[in-house]
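Working notes for the structure below.
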Amino acid sequence: MMERENMVKSVSRALDIIHLVSLKKGGLGVTEIANQIDINKSSVYRILSTLVQYGYIEQDRETGRYKLGYTFLEISSKLLESIDLRTEAKPFLKKLENETNEVIHLVVYDQGEVVYIEKLDGNETLRMHSKVGKRAPMHCTSVGKAILAHLPSNIVLDILDRKGLPMHTKHTITNKDEFLKELIRVKEKGYALDLEENEYGIRCIAVPIFDHLGKVIAAVSVSGPTIRMTDERLEQLKPQMIEIGKQISARLGYVGK
C-alpha cells in the first residue's frame, strides 16, 4: 500500500515538474525546480532523468537547463487529429436549441460553399430547405458570410469570381463592392446576419468557428421566421452566439481572442 502511495506521489511530482518547466521558455535547472516544489534535488534529478528517457523533458546541452520534450508535440498533434467537430460542437448546439427553440445549423466550408453537417430542429415549426449533407451558397447565408469574412482575401475573390453573387431573393447582396464591405462589417462585429437573403420569410444569425491553427473551418447559426427573428431578438442573440462560437473554437484548440 505504502509503495503504491509513493508511486502515485512520484507521478504527482513528475506532473508538477512538467508544469513548472512548461512555464519557463528558457527551461529550469534542478535547483530552481527543487526550490519551487520543495523536494530535494536528488529526487528532482531522478524524476527528470526518467522524463528525459521518455522524451517528455529534454536537457539543453549548453545551459544544462530542462525544457519540455518533443513527445508533447506528438501527443498534442494526435489529440488535435482526433478532435471531431460535430462531437465537440453537439452539446453547445443542443444548449442553443433549448434556449432559442429555433433551428440550429452547423456547417463546414468546402470548395467555395458551405455544407450542413448538423441540424437541430428546435421546438417551433419552420420549413427550411436545409438538411444534413446539403450544400448552400456562401454569399446569401449567414453561415457563409461568417466564414468568408475570415478567409484570406484572395480566396474570397476567387470564390466570388467562380460562384458570382446570384440573386436568391430581392434582399440578396448582388453587388461585389457592397458585399466586400458587408464582410468587413461581419469581421469587425464577430457575427453575420442573413435578412431574408437566401429564403423569403427566414432570418438567421451566425458566428465563425476556428481550429487550433486559427483557421476558420465552420460556422453555427440560429434560423427562424421573420415574425420571431425581429431586430430586437437578433440583438439579444448576438452576445450569446459570439460566446458559443468562442466555446466551440476553444474545444477545437483555438487560443485566439
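Sequential numbering from 70 applies to the sequence shown in this note's numbering.
No residue lacks a Cβ here, since even glycine has one placed at the ideal position from N, Cα and C.
Between the alpha carbons of residue 90 and residue 114 lies a gap of roughly 13 Å.
161 is the residue among 99, 84 and 161 whose C-alpha sits nearest the C-alpha of residue 316. For residue 117, the enclosing alpha helix (DSSP H) begins and ends at 110–122. A Cβ-Cβ contact shorter than 7 Å links residue 256 with residue 218. Residue 260 is positioned such that its CB atom lies closer than 7 Å to that of residue 307.
In this structure, residue 269 lies near residue 238, with their beta-carbon atoms less than 7 Å apart. Contact check for residue 185 against residue 203 passes: the beta carbons are separated by less than 7 Å. Following the DSSP letters along the chain, one finds residue 302 inside the alpha helix (DSSP H) bounded by residues 300–320. Looking only at 130, 144 and 176, the smallest Cα-Cα distance to residue 159 is reached by 176.
The way I'd put it, the stretch 288–295 doesn't touch the stretch 125–136; fewer than three beta-carbon pairs between them come closer than 8 Å. By the Cβ-count criterion, residue 169 is buried, with 16 or more other Cβ atoms from all chains shown falling within 10 Å of its own Cβ. When the five nearest sequence neighbours on each side are left out, the beta carbons in the same chain lying within less than 7 Å of the beta carbon of residue 165 are those of 173, 291 and 313, in order along the chain. Nearest to residue 100 by alpha-carbon distance, out of 207, 112 and 92, is 112. Residue 190 and residue 87 have their alpha carbons spaced roughly 46 Å apart.
In chain order, 209, 210 and 237 place their CB closer than 6 Å to the CB of residue 267, counting only its own chain and leaving out the 5 sequence neighbours on each side.
CA-CA distance, residue 120 to residue 80, rounds to 11 Å. Cα atoms of residue 246 and residue 205: separation of roughly 22 Å, rounded to the nearest angstrom. Excluding its 5 nearest sequence neighbours in each direction, residue 275 has C-beta neighbours in its own chain below 6 Å: 211, 212, 215, 261, 288 and 290, listed in chain order. Going by beta carbons, residue 222 and residue 279 fall outside the 7 Å limit. The residues 240 and 272, in chain order, have a CB closer than 8 Å to that of residue 264 in the same chain once the five nearest residues on each side in sequence are set aside. Take residue 123, set aside five residues on each side of it, and the residues of its chain with a beta-carbon closer than 7 Å to its own are 140, in chain order.
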